Each structure stands twice: as C-alpha cells, then as structure tokens.
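Accompanying notes for the structure given below.
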Amino acid sequence: MMKSLLIAMALVAPLVHATEYTQIQPQQSHIAFTYKQMGVAMDGRFKRFNSTISFDPAKPANAKASFDVELASIDTGGTESDEEVAGKSWFNTKAFPTASFVSTSIKPLTANRYEVSGKLSIKAKTLDIVVPASFISQGKNGVFEGSFTIRRGDFSIGEGPWAKFDVVANDVQVKFRITATAAK
Amino acid sequence: MSTQYTRTAKSLHWMMALMIFGLIPLGMYMHELPLSPEKLQLYSWHKWIGVTVFVLLLVRVSWRLTHQPPALPEQMSKIQKTASHAGHIALYLLMLAIPLSGWLMSSAKGYQTVWFGVLPIPDLLGKDKELGETLAEVHESLSWVMVTILIVHVAAALKHHFIDKDDVLTRMIPGHRPTTENE
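In order, the protein sequence lines correspond to chains E and B.
-15 is the number of the first residue of the first sequence in this note's numbering; add one for each residue after it.
158 is the number of the first residue of the second sequence in this note's numbering; add one for each residue after it.
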C-alpha cells in the first residue's frame, strides 16, 4: 500500500511541478531578420506580432507554438524602404497583412535544444520549415531563441524588378527571441 | 628641375579626374531615383568608386610629398601663384573630406560600405538618423564646393594654355615631352 502510494506520488510529482510556459512577454521578445544587399549585410525587425506558445520542458512533444507577424510593422531602418517592402512587389500587406507560423511537431535534440517543424505562410504560400530552437529558463521566464533561413523567392517576396537576387539576396535569415512566463 | 610631372603623378591625376567627373553626376542622378534595384546598384558603385578615389588620394599625397612638382611659370604674379597653391590644397582637402563624409554618412544611415562587394570597410559611426542626414548635407555641400573649384581649375588650365601660352597644361598631359628635350 505504502509502496504503491509512493509510486503514485512519484508519477504525479513531475506533473505538479511541471511548468508550462504560455504567457508571451512582448517587451522581451523580438523577431528580426538579416539579408545581404549588394554584398552588404543588412538587418531589420518586425515590431508587432502575436504568438501563442505552450511549452513544458518535461513534455516537449506536447508543445505548441504559433506566430502571426504583422508585416506592416516591418522596420528596415528607413521610411522609404519600409514603404517599399510593404508595397505590392514585396509583402503586399494590404492583401496579405500577416505572415504566420504554426508548429506541427517539436522534437528534442539535446538538452535545451529542439527541432520545431511547422508551416510558414507568407503571401498565401505555405511551406514546411524546420526551425532549430533553444530553451533556457531564467527565473520565472522561459526564453526561446533560434534562427532559420528562408528564400524570399519561395514566397514571392520581391517581385517584378526585385525578383532577381543580384541586388537583394535570396536568403533571408530570421532570428527570434521569445520570452514567456508560466501560467499561474 | 623637371618641367614635367612624373608619369605616376600624371596617371594619378587623370585616373582620379575621370572618377570624380563620373562620381559627381552619378551622385546627383542616383539621389533623385525612386527606390529600385538600379538605385541600390548605383549607390554601391558610387561608394566603390568613392573609396577608390580616397585610396588613390592617399597614394597621391604620399607621392606629392616625396616628389617635387614642376615650378609654376615665372611670369605668374605672386597673387596668381598663391591662388594656384590655395586651389590645389583645397582640392586635396575636398578629395579627402568628400569620400570621408560619404563613408560616415553611409555608416550613420546603417549601410556598411563593402568595397566592390568584397572588402567590408569598418563603420566608424553607429546608426544615427539625424547625424546621417547632417552628413548627407555636408557631403552634398562639399561636392558643390568641389564643382566650383574644378570649374576654376579647368578654366585656369585652359587660360594657361590658350592665353598665357605656357606649359602648365601640357606638362600634365600623358606622353607629352617638353620641347626643351627636343631642342
């Protein structure tokens, strides 16, 4: 009797102490990108995005993440280029205001490192991507970090005169840092 | 003393003249273009040529400091000689200050300069929008000062050749031999 109780407690204990990180802290989260223009490394970021995450380090396979990035909130470092990339040949934010990512599976690699597979949709085009991400708990917060590279041509980001990659390169590296706290 | 500039001095003078005569209209033209791949390409070319002028200037100043240039014609008045020296010093300073202001402007605006798309040139300034705009004005104003002095420079060279009929222009012409050598 005593023995089975102990076993039951041992089984329940991790569930009781499990921390599921779900509350995104927008002030401590960012999504940025880098690319090359005429051989020069350039960077920018998206100022606004919504994200829902549920991540319990004890049960990573059950974790879920989804992002909606408000494309018009892009900051390329200049007004003229911000307007240009919001325009028709780039993101066409009037017709396609958001880019979204929805995870389909999360696979632990090594301690604190995960492989997040999911679907990335930009400009009505959806592609499967794999995103390596790390997780660190910092006090109450859990911090997710990672980066992945997309080819802008795959999503028709930059059409017409911009479709060639001689001036603005095809590869765009997306970097993110998402801070979430555990739900009370 | 030689009455001719050295071959090196002539080469540097004409190479840089060609580049500067390209850079100024290119700068004015590209500035007015709407954002397009062409505009970004022209900006890069302008920066690459500008950096080249800056590097050549360093070579040229070192050469100038170690090689005595031919003296000005004796019939020139003292004021003319002073004006000539002042004009040349101003051109050297502008050839230094204009690429420098362009480089700093580029950094302040958040665009690193990568020479010929290969060699990154360090950013001396962090990104600073207001400073970038100030430097853009400095770059433009200095270029206008240079255009003015260049007009005087060319006009003076032509005056020396056609009115004064001295060797001030011909001694800078590549391949040209002073008549004294043939006599």
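For glycine and all other residues, C-beta sits at the position ideal for the given N, C-alpha and C.
Note that the structure is a prediction, hence the values are computed from the model and not measured.
Top-ranked residue by Cα proximity to residue i, from the options
i: D112 (chain E); options: E:V152, E:F119, E:V100, E:T82; result: E:V100
i: F17 (chain E); options: E:Y98, E:Q122, E:R136, E:P41; result: E:R136
i: T209 (chain B); options: B:Y249, B:S241, B:M176, B:E195; result: B:M176
i: V114 (chain E); options: E:I141, E:T36, E:F132; result: E:F132
i: T94 (chain E); options: E:E143, E:P116, E:T36; result: E:P116
i: Q212 (chain B); options: B:D280, B:I236, B:Q198, B:P256; result: The sequence as given places Val at residue 212 (chain B); Gln does not occur at that position. That would be B:P256, whose Cα lies nearest to the Cα of V212 (chain B).
i: L180 (chain B); options: B:V216, B:E297, B:L192, B:H242; result: B:E297
i: K148 (chain E); options: B:V309, B:P194, B:T163; result: B:P194
i: F169 (chain E); options: E:S65, E:F33, E:F39, E:A42; result: Because residue 169 (chain E) is not part of the residues shown, which for chain E are -15 to 168, the question remains open.
i: S263 (chain B); options: B:W205, B:I330, B:D323, B:L190; result: B:W205
i: V53 (chain E); options: E:E67, E:D155, E:F75, E:G144; result: E:F75
i: I288 (chain B); options: B:A265, B:A243, B:P226; result: According to the sequence shown, residue 288 (chain B) is Leu rather than Ile. Closest by alpha carbon: B:A265.
i: G283 (chain B); options: B:I308, B:P182, B:W220, B:Y268; result: B:Y268
i: L55 (chain E); options: E:V127, E:E143, E:I90, E:G28; result: E:G28
i: F119 (chain E); options: E:M22, E:K43, E:K20, E:A70; result: E:K43
i: I141 (chain E); options: E:V24, E:T3, E:S73, E:S89; result: E:S73
i: L222 (chain B); options: B:I246, B:E231, B:M233; result: B:I246
i: Q198 (chain B); options: E:A153, E:Y5, E:N46; result: E:A153
i: M173 (chain B); options: B:R217, B:Y162, B:W301; result: B:R217
i: Q7 (chain E); options: E:K31, E:I37, E:M22; result: E:I37
i: S105 (chain E); options: E:D138, E:K124, E:F128, E:A45; result: E:D138
i: F85 (chain E); options: E:K103, E:V69, E:G71; result: E:K103
i: A313 (chain B); options: B:K196, B:M233, B:W171, B:H333; result: B:M233
i: L215 (chain B); options: B:L169, B:I320, B:M329, B:H318; result: B:L169
Local conformation of residue i per DSSP, three classes
i: Y162 (chain B); result: coil
i: L215 (chain B); result: helix
i: T24 (chain E); result: Checking the sequence shown, residue 24 (chain E) turns out to be Val, not Thr. V24 (chain E): strand per DSSP, three-state reduction.
i: D280 (chain B); result: coil
i: S57 (chain E); result: helix
i: T163 (chain E); result: strand
i: T36 (chain E); result: strand
i: T133 (chain E); result: strand
i: I330 (chain B); result: coil
i: T209 (chain B); result: helix
i: H188 (chain B); result: helix
i: I141 (chain E); result: coil
i: Y268 (chain B); result: coil
i: V0 (chain E); result: Here V0 (chain E) scores only 48 on pLDDT, less than 50, and its place in the model should not be relied on; the value that follows carries that caveat. The answer is helix: DSSP assigns V0 (chain E) an H, G or I state.
i: G274 (chain B); result: coil
i: E340 (chain B); result: Only weak support is given to the placement of E340 (chain B): the predicted model assigns it a pLDDT of 33, under 50, and the value that follows is read from those uncertain coordinates. Three-state DSSP puts E340 (chain B) in coil, outside helix and strand.
i: Q11 (chain E); result: helix
i: A174 (chain B); result: helix
i: Q198 (chain B); result: helix
i: A45 (chain E); result: helix
Terminal residues of the beta strand (DSSP E) in which residue i lies
i: A49 (chain E); result: 48 to 54
i: L119 (chain B); result: Coverage of chain B is limited to positions 158 through 340, which leaves residue 119 (chain B) absent and any answer about it impossible.
i: V100 (chain E); result: 97 to 106
i: K91 (chain E); result: 82 to 92
i: V114 (chain E); result: 109 to 122
i: T77 (chain E); result: No beta strand (DSSP E) holds T77 (chain E); DSSP gives it neither H nor E.
i: Q7 (chain E); result: 5 to 8
Range of the contiguous alpha helix (DSSP H) that encloses residue i
i: K238 (chain B); result: 235 to 265
i: A184 (chain E); result: Here chain E comprises residues numbered -15 to 168, so residue 184 (chain E) is not present and cannot be evaluated.
*Closer than 7 Å, Cβ to Cβ, to anything on chain B: give me those residues from the stretch 47 to 71 of chain E, in chain order.*
G61, E64, S65, E68
*asked:* Give me the subset of the stretch 255 to 273 of chain B whose CB atoms are less than 7 Å from a CB atom of chain E, sorted by chain position.
replied: G267, Y268, Q269, V271
*Identify each residue in the stretch 190 to 203 of chain B for which the Cβ-Cβ distance to at least one residue of chain E is less than 7 Å, and report them in chain order.*
L192, S193, P194, L197, Q198, S201
*Along the stretch 8 to 35 of chain E, what residues have a CB closer than 8 Å to any CB found in chain B?*
Q21, M22, G23, V24, A25, M26
*the stretch 142 to 165 of chain E: which residues have C-beta closer than 8 Å to a C-beta of chain B, in chain order?*
From the stretch 142 to 165 of chain E, only P145, W146, K148, D150, V151, V152 have a Cβ closer than 8 Å to chain B.
*Say whether the stretch 244 to 251 of chain B touches the stretch 266 to 276 of chain B, bearing in mind that this needs 3 or more beta-carbon pairs closer than 8 Å, one atom from each stretch.*
Segment contact: the stretch 244 to 251 of chain B against the stretch 266 to 276 of chain B, fewer than three CB-CB distances shorter than 8 Å; contact not assigned.
_the stretch 274 to 299 of chain B: positions lying closer than 9 Å to chain E by Cβ_ = G274, V275, P277, K284, K286
*Please determine if the stretch 83 to 98 of chain E and the stretch 3 to 16 of chain E are in contact, where contact requires at least 3 C-beta pairs separated by less than 8 Å.*
no
*Would you call the stretch 222 to 232 of chain B and the stretch 159 to 166 of chain B in contact, with 3 or more CB pairs under 8 Å?*
Touching, yes, given that three or more Cβ pairs across the two stretches are closer than 8 Å.
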